[in-house]
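First to last, the protein sequences are chains H and A.
Residue 414 in numbering that gives the first Met the number 0 is what sits at position 415 of the first sequence, and the numbering runs on without skipping anything.
Residue 400 in numbering that gives the first Met the number 0 is what sits at position 401 of the second sequence, and the numbering runs on without skipping anything.
Here the structure is laid out as structure tokens; the discussion comes afterwards.
2 protein chains.
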Amino acid sequence: MKKSIFNKFSRWYKKYQVSKSPQMNLVWGYFLYTVAGFALLSIPLFHKVDITFVDNFFIATSAISTTGLVTISVFDSYNFFGQLIVMLLFQIGGIGYMTLTTYYLLFTTKRITHWHSRIIGAEFTMPNTIKINDFIKSAIVFTLVMEALGAIAFFIAFRQTGMEYLQAIWFSVFHSVSAFCTAGFGLFNHSFVGYSENVLINTIISILAIAGSLGFIVITDIWYRLAGKTNDISFTSKIITYGFLFLLTVGTLLLFATEPLIQRSGAAVMQSFFQAMTAMTTVGFNTISTGDLSLPTLLFVIFLMYIGASPSGTAGGLKITTLTAMLAILKSRLLGQKKITFFNRIIPFERLYVATSTFMLYTSIIFLFTFLLAYSEDFALPKILFEVASALGTVGLSTGITGELSTVGKLMVILLMFVGRVGVLTFGFALLERKSIDVPETIKDDLAV
Amino acid sequence: MKKSIFNKFSRWYKKYQVSKSPQMNLVWGYFLYTVAGFALLSIPLFHKVDITFVDNFFIATSAISTTGLVTISVFDSYNFFGQLIVMLLFQIGGIGYMTLTTYYLLFTTKRITHWHSRIIGAEFTMPNTIKINDFIKSAIVFTLVMEALGAIAFFIAFRQTGMEYLQAIWFSVFHSVSAFCTAGFGLFNHSFVGYSENVLINTIISILAIAGSLGFIVITDIWYRLAGKTNDISFTSKIITYGFLFLLTVGTLLLFATEPLIQRSGAAVMQSFFQAMTAMTTVGFNTISTGDLSLPTLLFVIFLMYIGASPSGTAGGLKITTLTAMLAILKSRLLGQKKITFFNRIIPFERLYVATSTFMLYTSIIFLFTFLLAYSEDFALPKILFEVASALGTVGLSTGITGELSTVGKLMVILLMFVGRVGVLTFGFALLERKSIDVPETIKDDLAV
Ligand SMILES: [K+]
Ligand SMILES: [K+]
Chain H
0 MKKSIFNKFS RWYKKYQVSK SPQMNLVWGY FLYTVAGFAL LSIPLFHKVD
50 ITFVDNFFIA TSAISTTGLV TISVFDSYNF FGQLIVMLLF QIGGIGYMTL
100 TTYYLLFTTK RITHWHSRII GAEFTMPNTI KINDFIKSAI VFTLVMEALG
150 AIAFFIAFRQ TGMEYLQAIW FSVFHSVSAF CTAGFGLFNH SFVGYSENVL
200 INTIISILAI AGSLGFIVIT DIWYRLAGKT NDISFTSKII TYGFLFLLTV
250 GTLLLFATEP LIQRSGAAVM QSFFQAMTAM TTVGFNTIST GDLSLPTLLF
300 VIFLMYIGAS PSGTAGGLKI TTLTAMLAIL KSRLLGQKKI TFFNRIIPFE
350 RLYVATSTFM LYTSIIFLFT FLLAYSEDFA LPKILFEVAS ALGTVGLSTG
400 ITGELSTVGK LMVILLMFVG RVGVLTFGFA LLERKSIDVP ETIKDDLAV
Chain A
0 MKKSIFNKFS RWYKKYQVSK SPQMNLVWGY FLYTVAGFAL LSIPLFHKVD
50 ITFVDNFFIA TSAISTTGLV TISVFDSYNF FGQLIVMLLF QIGGIGYMTL
100 TTYYLLFTTK RITHWHSRII GAEFTMPNTI KINDFIKSAI VFTLVMEALG
150 AIAFFIAFRQ TGMEYLQAIW FSVFHSVSAF CTAGFGLFNH SFVGYSENVL
200 INTIISILAI AGSLGFIVIT DIWYRLAGKT NDISFTSKII TYGFLFLLTV
250 GTLLLFATEP LIQRSGAAVM QSFFQAMTAM TTVGFNTIST GDLSLPTLLF
300 VIFLMYIGAS PSGTAGGLKI TTLTAMLAIL KSRLLGQKKI TFFNRIIPFE
350 RLYVATSTFM LYTSIIFLFT FLLAYSEDFA LPKILFEVAS ALGTVGLSTG
400 ITGELSTVGK LMVILLMFVG RVGVLTFGFA LLERKSIDVP ETIKDDLAV
């Protein structure tokens with residue numbers, strides 16, 4: 000009986016799946032994962048206290064989207080098994096997202112990395128399903144190895160602070176996975192504020208979050224380059240790496256030079272670096288109280304969350320590549336150029352088209368929802384704008400208003416996290432339910448957006 | 000002796016002028032007008048009280064740019080002759096801007112209006128200097144006639160309220176010119192707050208400001224269409240007219256439905272319409288206290304100021320046409336189209352290129368200066384953002400912080416008003432001092448940006 004219902008459902012789903020666009024399938028897939036997570040988290044067996052319908056839905060969406068915004072304390076509300084489910088949800092969300100974006104990058108851009116030659120280069124005419132599976136396996140192995148190393152390092156660090164043995168094991172695994180997937184979920188109620196001067200913990204989180212947010216392709220690209228195995232680092236990897244380093248440096252310097260909250264502390268450089276890093280990688284942990292930051296710093300952190308990092312990793316945001324394409328348009332126009340270039344490379348129309356649409360839609364959504372939340376909530380503008388940018392960028396930083404949002408406000412933030420993870424353009428495209436997508440043309444040089 | 004210095008200067012200026020781009024000449028021209036206005040306003044003979052260097056500079060820039068933001072009361076600080084100078088400055092600014100934009104529109108777009116056929120259509124190969132002069136004369140006559148009619152109507156309205164005869168004459172002329180040039184300068188210290196329920200005055204300002212902001216071409220286009228003299232209203236005029244009416248209706252309804260300050264009053268519909276109109280036309284008069292508006296309304300008014308109105312009139316802002324081009328990109332992308340269309344017309348690449356650059360630069364400048372003012376000033380974010388959007392859009396509405404800005408803050412707002420009037424792209428282009436500009440190509444259909 001049960002099997003028959005499952006079969007019916009399965010057949011219905013397959014029928015539905017083939018009739019819709021890939022974008023719709025992606026949105027639908029994320030939605031089903033979210034609903035499954037929500038159903039699991041709703042089982043009272045996993046609760047320490049009563050949890051409302053909306054809060055369970057919020058945590059499930061936040062985990063699948065690797066955002067890390069929470070309306071309730073994960074540690075105080077869910078028991079060990081509940082916490083384990085939350086971790087599995089953001090692990091699935093993180094790995095799923097990284098393999099998807101990597102796959103997309105490989106197939107829409109030419110010669111982006113040595114992976115191309117191994118997977119779809121010379122053997123393009125041969126059946127390449129096995130090679131792709133190999134590649135995705137590599138990405139998953141990379142993820143698990145990084146997370147295992149991170150957990151070991153975390154364990155040493157937590158033990159140094161005197162944490163009890165069993166708790167240290169669980170906390171190490173949970174936070175390592177959370178950091179690498181840039182999920183930002185924590186089992187401490189004030190994120191890592193208690194560890195703002197702990198060099199080891201700051202280092203572990205930073206390495207995991209940067210690796211996760213830059214993604215498998217960029218990391219291996221940089222690795223091969225540093226190891227001297229290749230001179231040919233791809234244009235996209237270059238843009239991502241330099242853009243990331245540039246923004247991270249500017250962010251660190253600005254916070255260090257101007258934020259009163261940081262200047263009063265004993266570890267100003269590390270705290271400046273960490274807050275800039277957490278916004279850009281969209282990991283969302285914090286070591287100083289975000290709600291106490293001055294207005295200019297809040298605005299700058301909003302800007303960093305808005306940009307985000309790489310399109311090939313787990314980070315959210317507009318992406319450095321989109322920003323680059325937009326800057327290329329502006330620069331070329333101001334110089335009176337007919338063609339749009341960046342670092343002497345012509346950026347193809349298709350990329351600019353995607354970048355402009357993404358920029359326009361992403362920015363509009365932030366302002367639309369800031370406007371709507373200004374109606375439904377009673378918080379000051381910087382706090383609302385911050386929350387919206389954090390949710391759509393799947394960052395998870397907050398000035399502390401998440402738990403105090405009205406039910407309507409929580410539902411809006413849930414929608415933002417979901418759309419932020421699926422991608423604004425994918426979501427918009429899926430809503431319009433078109434089947435055809437543009438096949439990327441053969442292009443001279445390339446910048447993935 | 001004096002003449003010789005003038006000759007030297009004149010020769011130097013001419014030499015300078017021909018060596019730079021048209022954009023640089025425009026920026027330079029505006030700057031010289033501003034300096035001349037500043038010099039005149041600085042003469043103590045025209046003052047009622049002591050006025051600082053920065054305040055005179057602020058008023059001169061605000062007048063030339065037809066913004067209307069003031070750090071000091073024009074009526075309390077300048078005597079009649081000082082006020083006359085202020086009026087002449089925004090009259091020059093307004094007429095200069097309208098003829099410039101009209102000229103630009105006529106020469107960069109094809110078949111935009113019946114004016115083309117009269118001026119540059121069939122007689123394109125003939126010397127057309129006289130025809131262009133004729134056209135510009137028409138625009139100036141149109142302006143003066145509108146302003147004269149406005150002044151007469153104002154006079155009747157002011158006399159009805161019991162205003163003294165001589166004052167009524169001066170106030171009528173000043174406010175009529177100010178409304179048509181969308182300058183927003185007033186001789187009342189609280190703009191038109193005292194007249195929020197006066198139907199006649201609301202009507203006069205609205206007609207003048209809408210006529211001025213839509214501009215000569217669009218108004219005559221609509222006029223010819225309504226009079227049945229042509230069926231062929233241009234695409235650009237259509238987009239501007241419909242876009243303007245749409246936003247104005249939405250704005251009025253939203254303010255009427257949600258703003259508590261308006262709902263408490265006796266003339267809710269008129270007040271809603273007026274605040275939406277004043278933001279869109281960028282005239283900048285207000286009939287209710289802007290600083291007392293609720294947060295969502297402030298955000299919506301910021302949005303309207305950000306968009307502005309027509310590229311052919313005296314209004315500032317991003318312009319409806321730029322917004323349309325951006326929406327066309329987004330819509331076409333979401334529908335999976337290869338070509339970018341709007342109302343079934345292909346919008347040429349050149350227009351999209353300009354629109355995207357303008358959108359990007361305009362939005363970036365708003366956020367950069369909001370960020371900088373958050374450092375230098377001690378006001379809440381909505382007030383700062385509002386001031387920046389008002390200055391760059393040459394609107395002149397304020398939540399009341401203009402006079403309380405620090406000197407650095409005032410200088411930043413001066414720069415914003417100047418850049419807002421010259422145009423963000425023109426200013427950026429001029430800074431880079433390129434001589435060549437792209438010659439517009441022959442294009443099938445057209446949307447001016
Ligand atoms: K996150
Ligand atoms: K104005």
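Glycine included, each C-beta is placed from N, C-alpha and C at the ideal position.
Please read these numbers as outputs of a predicted model, since none were measured by experiment.
Should residue i and residue j be called a contact, given that it needs their Cβ atoms to be closer than 9 Å?
i        : j        : result
A:Ile413 : A:Leu391 : no
A:Leu213 : A:Phe179 : no
H:Ser397 : H:Gly307 : no
H:Ile301 : H:Leu372 : no
A:Leu260 : A:Leu292 : yes
A:Val176 : A:Gly149 : yes
A:Gly92  : A:Tyr32  : yes
H:Thr296 : H:Phe191 : no
A:Gly459 : A:Val282 : Chain A is shown only over 0 to 448; residue 459 of chain A falls outside these bounds and no answer can be derived.
H:Thr142 : H:Gly211 : yes
H:Gly395 : H:Phe243 : no
A:Ser405 : A:Glu376 : yes
A:Ile328 : H:Tyr352 : yes
A:Phe370 : H:Phe378 : no
A:Val144 : A:Met86  : no
H:Ala453 : H:Thr181 : Outside the modelled stretch of chain H, which goes from 0 to 448, sits residue 453 of chain H, for which no answer is possible.
H:Phe74  : H:Asn201 : no
H:Phe341 : H:Leu317 : no
A:Leu25  : A:Ala59  : no
H:Val217 : H:Ile203 : no
A:Thr321 : A:Phe358 : yes
A:Ile209 : A:Thr280 : yes
H:Leu380 : A:Pro381 : yes
Please state the DSSP three-state secondary structure of residue i.
i        : result
H:His174 : helix
A:Phe191 : coil
H:Leu431 : helix
A:Phe184 : coil
A:Thr398 : coil
H:Ile345 : strand
H:Thr462 : Coverage of chain H is limited to positions 0 through 448, which leaves residue 462 of chain H absent and any answer about it impossible.
Identify, in the order they occur along the chain, each residue of the same chain with its Cβ nearer than 7 Å to the Cβ of residue i, setting aside the five sequence neighbours on each side.
i        : result
H:Ala275 : Leu247, Gly250, Thr251, Leu254 and Leu303
H:Leu360 : Val423, Leu424 and Gly427
H:Gly265 : Glu196
A:Ser41  : Asn55
A:Ala388 : Ile301, Met304, Tyr305 and Ile365
What is the C-beta distance between residue i and residue j, in whole angstroms, given that I count them as a contact (C-beta under 8 Å)?
i        : j        : result
H:Val418 : H:Tyr29  : No, H:Val418 and H:Tyr29 are not in contact; Cβ-Cβ is about 10 Å, not under 8 Å.
H:Ile451 : H:Ser331 : This structure cannot settle anything about residue 451 of chain H, because the visible part of chain H is limited to 0 through 448.
H:Thr393 : H:Met416 : 6 Å
H:Asn55  : H:Phe37  : 6 Å
H:Leu367 : A:Leu333 : That belief does not hold up - the Cβ atoms of H:Leu367 and A:Leu333 are roughly 15 Å apart, past 8 Å.
Whose C-beta lies closer than 6 Å to the C-beta of residue i among residues of the same chain, with five residues either side of it excluded?
i        : result
H:Ser205 : Met276
H:Thr98  : Ile135 and Ala138
A:Ser271 : Thr251, Leu254, Phe255 and Ile261
H:Phe57  : Thr70, Lys409 and Ile413
Suppose the cutoff is 8 Å on Cβ atoms and the five residues either side in sequence are ignored; what does the same chain contact list for residue i look like?
i        : result
A:Phe170 : Phe153, Phe157, Met162 and Leu186
H:Leu472 : Since the first and last residues shown for chain H are 0 and 448, residue 472 of chain H lies out of range.
A:Leu45  : The question names Leu, yet the displayed sequence has Phe at residue 45 of chain A. Counting only Cβ-Cβ distances below 8 Å, and skipping sequence neighbours, we find Leu39, Tyr77, Asn78, Phe80, Gly81 and Ile84.
query = Which runs of the beta strand (DSSP E) fall wholly inside the region 196 to 262 of chain H and span at least 3 residues, in chain order?
reply = Within the region 196 to 262 of chain H, complete beta strand (DSSP E) segments of at least 3 residues are not found at all.
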